[in-house]
Amino acid sequence: MGQDLRSLADEDVMQLVRRGDARAFEIIYERHSAAAFSLAYRMMGTRSGAEDVTQDAFLSLWRSGARYDRARGSVRTWVLGIVHHRAIDALRRATVHDRRRAGDEGIEERFEAAERTDVEAARREEAGTVRDALSTLPADQCQVIELAYFGGFTHTEIAEMLEAPVGTIKGRMRLGLKKMRAQLGEGQVAV
Amino acid sequence: MTMTDHDRWADSAGAYVLGAMTPRERDEFEHHLETCPACREDVDELRPAAEALPMASPPVLPPPALKDRIMAEVEREAALLAQAGPAADRPAAERPRRRFHFPALTGWRLAPVAAALLIAGVLGGVLLTGGGSRTVSAGPNAQIHIDGDNAKLVAQNMSPPPEGRVYEVWIVPKGETAPKPTNVLFVPRSDGSAEAAIPGSPDDIAKVLVSDEPPGGSETPTGDVVMQAELS
Chain A
1 MGQDLRSLAD EDVMQLVRRG DARAFEIIYE RHSAAAFSLA YRMMGTRSGA EDVTQDAFLS
61 LWRSGARYDR ARGSVRTWVL GIVHHRAIDA LRRATVHDRR RAGDEGIEER FEAAERTDVE
121 AARREEAGTV RDALSTLPAD QCQVIELAYF GGFTHTEIAE MLEAPVGTIK GRMRLGLKKM
181 RAQLGEGQVA V
Chain B
1001 MTMTDHDRWA DSAGAYVLGA MTPRERDEFE HHLETCPACR EDVDELRPAA EALPMASPPV
1061 LPPPALKDRI MAEVEREAAL LAQAGPAADR PAAERPRRRF HFPALTGWRL APVAAALLIA
1121 GVLGGVLLTG GGSRTVSAGP NAQIHIDGDN AKLVAQNMSP PPEGRVYEVW IVPKGETAPK
1181 PTNVLFVPRS DGSAEAAIPG SPDDIAKVLV SDEPPGGSET PTGDVVMQAE LS
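Protein sequences, first through last, are from chains A and B.
Counting in our numbering, the first sequence runs from 1 upward without gaps.
Counting in our numbering, the second sequence runs from 1001 upward without gaps.
Structure, rendered in C-alpha cells:
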C-alpha cells in the first residue's frame, strides 16, 4: 500500500473507495474499525454479535460508498451511524429473550484498544469528556439516553419499561441531549 | 381542540437523533421535518450530542480475523468490478453473497445481519451472476425475481403495515409446510415500493410469504399474510 494513500484525509480516501479501490477501503477500515467495533460491542453485548454488525456495516460502506456526503459530517460519524443503525436492526430483530446487553460475556472478554498515536490519545481524552458529560446528567435522563442509543429500544418500549408516559420519556431524551450538547461545546468533540 | 402536526411531534427530536423511533415513526417525523423549522432546529442542535455518544463505549479492539474476512470479500468484489470494466455501474457491480445458505438453518434468527433489510437502492441490479433468471408473481403488486442463487422481492403500490407493525418475510422450505421466520423485516417507502432480499437459495425454497408483525419480527406469523409466492 502506498504511503501516499495513507497520508490522505478520510474524505479523499472515500473518493477512491467509491471507485472500488480495495486498498483505500482498507485504510478506512484501519482508521475506524476500533471505534466501530467498540460501539457494536457495547450495543450487542457479545463478541459474535459485534463482529456480525461490524462486518455488515463495513461491507455496506464498501458497497454504498457513493452515499457518503462530506457536507453532512465526517467519515467517522458516517461509519458510526451505519454501525448504530445495523446494531439497532439486529437488536430489534432478536426476540426479547435474546436481547442481551453489554457485560454478559464478562469483563475478561474485553481488551483495551492500544492507544498508539496522538490521534488515539486525543480521542481517548474526548471519550472521557463524553463520559463525563453523560455522568453529570440527572439519572433519569442518562437512563433513557442509554436505553435508546445503546439498547436500541424505542421511546414507546422505554415508556412501558419505566412505566412512564411517552411524552415524559421524549422530554427526558431531549433535555438530556441538550445538556450534553452544552457541556460538550460546539465543535470540541470531533467524532 | 385539534392537535397540530407540530404538537404531535413536540419533544420528538431527541428520540429521533437517538434512533429511538420505529421505521414508520422515523419516516413520518422526517416528513414533518420538511415543513417544520422549529423541529429541524431542535434536531440540528441535539444531533452532535447523539453523534458523540459512541465515544462513551469502552474501547475494544476487533479481532484480526474480522479484518481478514471483510477484506477477502472486498477484494473479491473489487476484482469483479475491475473485470466488469470502467463502464460498470458501481452499485450494481455485485450483489452481496449470501452469508448463510438455506440448508444451514442453524441460528436462522441469529444469522448475521448481512441479509437484513436490503431495501431498494442498495443494489441497483445484478451483474456477473450465472444461471437463468425468472420472475414469479407474489400477488397483484409484487414479484419475486430469481437470478441464479439469489431471490429478491419487489413490490409496488404496497400499503404500509398497520400502525406499530412491520412486514416480515417468511420462507417455507421444500418438503416442509410450516413457514420459517427470516430476519428480513421491512416497511415500504412512502410511494408504496419496496425491495427485500430473500435469504437462502431459491432452489431450496417452496414458498415465500410476507405478513405484518410487531417490530423485531415474530417466530410464527401473527398478522395477515399480504403476499405469497410459490417458487417451485
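Virtual Cβ for every residue (Gly too), placed ideally from N, Cα, C.
Among the options, nearest to residue i - alpha-carbon criterion
| i | options | result |
| --- | --- | --- |
| residue 1192/B | 1199/B, 1174/B and 1156/B | 1156/B |
| residue 23/A | 1078/B, 1231/B and 1165/B | 1078/B |
| residue 1232/B | 1061/B, 1167/B and 1206/B | 1206/B |
| residue 1201/B | 1154/B, 1165/B and 1144/B | 1144/B |
| residue 67/A | 181/A, 14/A and 40/A | 14/A |
| residue 1159/B | 1141/B, 1023/B, 1007/B and 1036/B | 1141/B |
| residue 1225/B | 1219/B, 1210/B and 1030/B | 1210/B |
| residue 21/A | 1028/B, 1029/B and 1074/B | 1074/B |
| residue 178/A | 74/A, 145/A and 166/A | 145/A |
| residue 79/A | 46/A, 169/A, 152/A and 40/A | 40/A |
| residue 1227/B | 1083/B, 1062/B and 1161/B | 1161/B |
| residue 1214/B | 1163/B, 1019/B and 1154/B | 1163/B |
| residue 1054/B | 134/A, 182/A and 173/A | 134/A |
| residue 77/A | 1052/B, 1040/B, 1015/B and 1027/B | 1052/B |
| residue 136/A | 16/A, 180/A, 17/A and 72/A | 180/A |
| residue 1165/B | 1223/B, 1153/B and 1189/B | 1223/B |
Rounded C-alpha distance that separates residue i from residue j
| i | j | result |
| --- | --- | --- |
| residue 1025/B | residue 1009/B | 10 Å |
| residue 87/A | residue 36/A | 11 Å |
| residue 1178/B | residue 1168/B | 15 Å |
| residue 1072/B | residue 1046/B | 38 Å |
| residue 185/A | residue 1204/B | 56 Å |
| residue 93/A | residue 159/A | 20 Å |
| residue 59/A | residue 1195/B | 19 Å |
| residue 48/A | residue 1147/B | 31 Å |
| residue 154/A | residue 1172/B | 31 Å |
| residue 130/A | residue 175/A | 16 Å |
| residue 1217/B | residue 1185/B | 7 Å |
| residue 61/A | residue 126/A | 25 Å |
| residue 83/A | residue 1004/B | 35 Å |
| residue 1197/B | residue 1208/B | 11 Å |
| residue 1056/B | residue 1139/B | 48 Å |
| residue 1059/B | residue 69/A | 27 Å |
| residue 1136/B | residue 1066/B | 37 Å |
| residue 1068/B | residue 55/A | 10 Å |
| residue 166/A | residue 1221/B | 28 Å |
| residue 43/A | residue 148/A | 10 Å |
| residue 1212/B | residue 157/A | 19 Å |
| residue 11/A | residue 1062/B | 23 Å |
| residue 162/A | residue 150/A | 16 Å |
| residue 1064/B | residue 34/A | 11 Å |
| residue 138/A | residue 124/A | 24 Å |
Secondary structure of residue i, DSSP reduced to three states
| i | result |
| --- | --- |
| residue 29/A | helix |
| residue 41/A | helix |
| residue 1202/B | helix |
| residue 1016/B | helix |
| residue 1219/B | coil |
| residue 1189/B | coil |
| residue 137/A | coil |
| residue 1117/B | In this prediction, residue 1117/B has a pLDDT of 32, which is less than 50 and means its spatial position is unreliable; what the coordinates show is noted afterwards. Note: residue 1117/B maps to coil in three-state DSSP. |
| residue 1109/B | The predicted position of residue 1109/B is uncertain, since its pLDDT is 31 and thus under 50; a value taken from the coordinates is nonetheless stated next. Correct three-state label for residue 1109/B: coil. |
| residue 1181/B | strand |
| residue 1023/B | helix |
| residue 1165/B | coil |
| residue 1074/B | helix |
| residue 1081/B | helix |
Buried versus exposed, by CB contacts within 10 Å (16 or more), residue i
| i | result |
| --- | --- |
| residue 1187/B | buried |
| residue 1133/B | exposed |
| residue 1175/B | exposed |
| residue 1012/B | buried |
| residue 1259/B | Summary: the structure shown does not reach residue 1259/B, with chain B confined to residues 1001 through 1232, and so no result is reported for it. |
| residue 6/A | exposed |
| residue 1022/B | buried |
| residue 51/A | buried |
| residue 4/A | exposed |
| residue 1151/B | buried |
| residue 1038/B | exposed |
| residue 128/A | exposed |
| residue 172/A | buried |
| residue 1083/B | exposed |
| residue 26/A | buried |
Any non-hydrogen atom of the ligand ADP closer than 7 Å to residue i Cβ
| i | result |
| --- | --- |
| residue 1149/B | As for the ligand ADP, it is missing from this structure, which has no ligand bound. |
query: If contact means a Cβ-Cβ distance below 7 Å, which residues of the stretch 1048 to 1060 of chain B contact chain A?
result: 1048, 1049, 1050, 1051, 1052, 1053, 1054, 1055, 1056, 1057, 1058, 1059 and 1060
Short-range partners of chain B found in the stretch 10 to 23 of chain A, where Cβ spacing is below 8 Å: Those residues of the stretch 10 to 23 of chain A that come within reach of chain B (Cβ to Cβ, closer than 8 Å) are 18, 19, 20, 21 and 22.
- request: Determine which residues of the stretch 173 to 186 of chain A have a Cβ less than 8 Å from any Cβ of chain B, and write them out in chain order.
  value: 173, 174, 175, 176, 177, 178, 180, 181, 184 and 186
message: Closer than 8 Å between beta carbons: that is the criterion. Which residues of the stretch 1060 to 1080 of chain B meet it against chain A?
response: 1060, 1061, 1062, 1063, 1066, 1067, 1069, 1070, 1071, 1073, 1074, 1075, 1077 and 1078
field: Residues within the stretch 1016 to 1028 of chain B neighbouring chain A, beta-carbon criterion of under 8 Å
entry: 1017, 1018, 1019, 1020, 1021, 1022 and 1025
field: Contact residues within the stretch 32 to 50 of chain A, judged by C-beta distance below 7 Å to chain B
entry: Flagged, chain order: 33, 34, 35, 37, 38, 39, 41 and 42.
query: Taking a cut of 8 Å between CB atoms, which residues from the stretch 1031 to 1045 of chain B lie near chain A?
result: For the stretch 1031 to 1045 of chain B, the beta-carbon criterion of a distance under 8 Å to any beta-carbon of chain A is satisfied by 1042 and 1045.
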